[in-house]
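Protein sequence lines, in the order shown, are assigned to chains R and V.
Each residue of the first sequence is one higher than the one before, counting from 3 in my numbering.
Each residue of the second sequence is one higher than the one before, counting from 2 in my numbering.
Only one structure is covered here, and it is reproduced in the block below.
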Amino acid sequence: MDESVRKAVLSAVPSLRAFAISLCGNVDRADDLVQETLLRALANIDSFQPGTNMSAWLFTILRNHFRSEYRKRRREVEDGEGHYADTLKSQPDQIGQVEFGEFREALAQLPADQREALVLVGASGFSYEEAANICECAVGTIKSRVNRARTRLAELMGIENADEFGPDQQTRAVMASGE
Amino acid sequence: MNDRKPLGLQKQMETAATNRSKKGDPKPAKLSREVQARLGQQLRAMYDEVLNEGVPDRFNDLVNRINGGNKDRQ
């Protein structure tokens with residue numbers, strides 16, 4: 003394997019992990035997913051076209067693998083809608099610090115399609131076009147999923163209006179009384 | 002076996018979404034820039050937490066091992 007290819011694969015790993023964690027909500031499972039992705043990718047490295055985006059190629063493999071595994075699992079367990087959220091709740095310290103707790107919980111409640119679109123565009127740094135390629139859908143579909151995801155997150159976190167954050171209640175009361 | 006192709010599934014889901022919105026779901030209200038910025042910050046902060054962990058040893062080893070294996074075969 004070409005040295006530049008090896009470097010490109012390794013440098014994509016942190017972002018792949020972050021994406022995998024956001025998909026399945028569990029660090030251990032996410033790392034298994036990354037491992038399986040790397041094994042598949044390296045076994046098929048000849049089908050990677052040099053000069054194209056390695057990161058996007060790996061993300062596509064990871065997403066496809068996750069989807070097929072997830073469907074299999076769902077048939078096995080007849081997983082309910084709230085399974086992802088429950089996974090998060092049962093392993094709070096695995097996912098990270100408490101400060102993002104509220105945000106994580108809200109993210110966990112989004113439909114999977116919306117969550118992955120939001121993460122790809124809002125955190126992984128992919129363009130709408132790249133995200134559409136990764137998710138095998140139209141650019142417009144990604145845009146609408148991202149919008150829906152943001153709106154729903156804001157609802158869940160109670161920050162639909164700009165008024166609802168920034169100065170806290172007390173500061174606002176003081177400001178209001180000064181008028 | 003019964004696996005539906007991802008693309009087929011995608012299309013079904015999109016069709017379902019389109020049908021729903023045709024039934025008159027209100028379009029999501031536009032969020033202020035401030036709200037969007039705050040959501041974006043939180044999302045990136047969460048993501049960056051993982052990025053800051055770098056490449057765990059198991060993946061470094063995996064990639065290097067396979068790389069070495071390829072060289073042996075050539």
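C-beta: ideal position from N, C-alpha, C; glycine also.
A quick note: this is a predicted structure, and the numbers were derived from the prediction, not measured.
- Under the criterion of beta carbons closer than 8 Å, L63 (chain V) and P16 (chain R) do not qualify as touching, at roughly 14 Å.
- In chain order, V123, V141, I144 and K145 place their CB closer than 7 Å to the CB of Y130 (chain R), counting only its own chain and leaving out the 5 sequence neighbours on each side.
- Chain-ordered, the chain V residues with CB closer than 7 Å to the CB of F105 (chain R) read Q43 and M47.
- For G160 (chain R), no alpha helix (DSSP H) encloses it, and the DSSP letter there is neither H nor E.
- Between the region 55 to 64 of chain R and the region 146 to 156 of chain R, the count of Cβ pairs shorter than 8 Å is below three; the stretches do not touch.
- By the C-beta density criterion, A119 (chain R) is buried, having at least 16 other C-beta atoms within 10 angstroms.
- R34 (chain V) and M47 (chain V) have their C-alpha atoms spaced approximately 20 Å apart.
- G124 (chain R) has a beta carbon lying within less than 8 Å of a beta carbon in chain V.
- Boundaries of the alpha helix (DSSP H) around V11 (chain R): E5 to C26.
- Residue range G103 to A110 is occupied by the alpha helix (DSSP H) that includes F105 (chain R).
- Considering only R:F61, R:A14 and R:A32, the residue with the shortest C-alpha distance to A22 (chain R) is R:A32.
- Taking the Cβ atoms as the reference, L12 (chain R) lies roughly 13 Å from T39 (chain R), outside the contact range of under 8 Å.
- Below the 8 Å Cβ cutoff, chain V contributes no neighbours of R31 (chain R), its closest Cβ being approximately 14 Å away.
- Burial state of Q42 (chain V) is exposed, judged by a 10 Å Cβ sphere holding fewer than 16 other Cβ atoms.
- For R19 (chain R), the nearest CB of chain V lies under 8 Å from its own CB, placing it at the interface with that chain.
- Between A114 (chain R) and L158 (chain R), the beta carbon gap of about 16 Å keeps them out of contact (Cβ cut-off 8 Å).
- For P16 (chain R), the nearest CB of chain V lies under 8 Å from its own CB, placing it at the interface with that chain.
- Within 8 Å of the CB of R117 (chain R), no CB atom of chain V is found; the nearest one sits about 10 Å away.
- Identification of chain V residues near V11 (chain R) by a Cβ-Cβ cut-off of 8 Å yields V64, ordered along the chain.
- Close partners of V36 (chain R) in chain V (Cβ separation under 8 Å): F60.
- In the DSSP assignment, G53 (chain R) falls outside any alpha helix (DSSP H), carrying neither H nor E.
- Between I63 (chain R) and M3 (chain R), the C-beta spacing is not below 8 Å.
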